[in-house]
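Q: Please find one structure pasted underneath; my questions will follow.
Numbering (the numbering used here), first residue to last: 119 to 211.
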C-alpha cells in the first residue's frame with residue numbers, strides 16, 4: 119500500500135503549495151459594465167496576456183482601483199468589432 123496505490127488505483131497527490139493561488143473561472147454577468155481580466159477573457163475568448171497588451175496599448179478602456187484592473191465592457195466590444203472589420207477588410211484585398 120505504500121506504493122501510491124489504493125485498491126489498484128493510482129492516488130494523485132492533491133496537496134497545494136502554501137501561498138499558491140488556484141485560477142478561478144469567472145462567470146460574467148450581462149449587467150456588469152466593468153469586467154475583470156478573467157470575465158473579459160471569458161466573453162471574447164482572449165487570454166489574459168492578450169487582453170493586458172490591448173489595455174496597455176490603450177485600445178480598450180480600463181480602470182485601476184488599487185491593484186485591481188477592470189475593463190470596460192462597451193470598449194472591449196467596440197475593440198472586437200474594429201478588429202473584425204480590419205480583418206475582413208484585409209481579407210478582401
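Positions of the beta carbon are idealized from the N, C-alpha and C atoms, including for glycine.
Can you tell me which of the three DSSP states residue 188 falls into?
A: Residue 188 falls in the strand class under three-state DSSP.
Q: Whose CA, out of 206, 197, 175, 183, lies closest to the CA of residue 162?
A: The shortest Cα separation from residue 162 among 206, 197, 175, 183 belongs to 197.
Q: Nearest CA to the CA of residue 194: which residue from 179, 208, 170?
A: That would be 179, whose Cα lies nearest to the Cα of residue 194.
Q: Buried or exposed, going by whether 16 or more other CB atoms sit within 10 Å of the CB of residue 166?
A: With fewer than 16 other Cβ atoms within 10 Å, it is exposed.
Q: By the DSSP assignment, the beta strand (DSSP E) with residue 182 in it spans what residues?
A: That run of the beta strand (DSSP E) goes 180-183.
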